[in-house]
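Enquirer: Have a look at this one before I ask anything.
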Amino acid sequence: MTRKTLIIVRHPPHGSSWAREGIEAVLVGGALGVPVDVLFDGDGIFCLLPGQEAGALGQKGTLPMLKAFPMYDIDTVLVSRPALEARGLKADALAIDGDVVEPRDCLAHYHSILTF
2 MTRKTLIIVR HPPHGSSWAR EGIEAVLVGG ALGVPVDVLF DGDGIFCLLP GQEAGALGQK
62 GTLPMLKAFP MYDIDTVLVS RPALEARGLK ADALAIDGDV VEPRDCLAHY HSILTF
């Protein structure tokens with residue numbers, strides 16, 4: 002098994018700092034050369050929608066950070082199929098491309114898993 006890390010973002014982009022911190026962890030891993038993938042699950046998939054501007058509390062939007070993934074060699078973005086379906090969303094409505102997956106089917110492929 003490759004010593005790869007999966008970072009799961011489960012929180013929405015606004016209301017707390019969890020999603021932003023998760024995305025920052027992905028970018029830090031990429032900057033340090035750590036093999037890292039990211040899975041957006043639960044309300045975390047709202048981070049992937051277009052139009053993510055600053056939140057009501059002045060929180061920065063997450064979309065610019067997501068668009069930086071290729072510069073940090075983050076090639077694998079996973080999107081939870083059950084999370085999309087539960088929220089009535091389609092993958093083609095997302096602002097960045099990702100592989101739609103069943104989370105339980107891919108978790109065993111990772112050495113470390115961090116959840117935000």
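With my numbering as the guide, the letters of the sequence shown map in order to residues 2 to 117. Here a beta-carbon is modelled for each residue, glycine too, at the ideal position from N, C-alpha and C.
Among Arg88, Gly43, Thr77, Leu90, which one has its Cα closest to the Cα of His110?
Expert: The residue with the shortest Cα to Cα distance from His110 is Thr77.
Enquirer: CB-CB under 7 Å to Phe47, same chain, minus the five flanking residues each way: which ones, in chain order?
Expert: Same-chain partners within the cutoff: Pro13, Pro14.
Enquirer: Take Lys5 as the anchor and find which of Arg82, Gly62, Gly31, Pro51 has the nearest alpha-carbon.
Expert: Closest option to Lys5, Cα to Cα, is Gly31.
Enquirer: Exposed or buried, Ala84, counting other C-beta atoms within 10 Å across all chains shown (16 or more means buried)?
Expert: By the 10 Å Cβ count, Ala84 comes out buried.
Enquirer: My parser needs the beta strand (DSSP E) runs of 3 or more residues fully inside the segment 14 to 87; what are they?
Expert: List check, beta strand (DSSP E) in window: 37 to 41, 78 to 81.
Enquirer: When DSSP labels each residue in this structure, what does Asp106 get in the three-state scheme?
Expert: Of the three classes helix, strand and coil, the one that applies to Asp106 here is helix, per DSSP.
Enquirer: Express the C-alpha separation of Lys61 and Ile24 in angstroms, rounding to a whole number.
Expert: Using only the alpha carbons, I get a separation of about 12 Å.
Enquirer: Do you know offhand how far Asp42's Cα is from Gly34's?
Expert: Cα to Cα, the separation comes out at about 24 Å.
Enquirer: What residue does the beta strand (DSSP E) around Leu95 start on, and which one ends it?
Expert: Careful: Leu95 lies outside any beta strand (DSSP E) and carries neither H nor E.
Enquirer: Classify Ala20 as buried or exposed, calling it buried when 16 or more other Cβ atoms lie within 10 Å of its own Cβ.
Expert: Result: buried.
Enquirer: Is it buried or exposed for Met66, if we count other Cβ within 10 angstroms and need 16 for buried?
Expert: Buried, since its Cβ has 16 or more Cβ neighbours within 10 Å.
Enquirer: Among the candidates Glu103, Cys107, Ile97, whose CA atom is the shortest distance from the CA of Lys68?
Expert: Closest option to Lys68, Cα to Cα, is Ile97.
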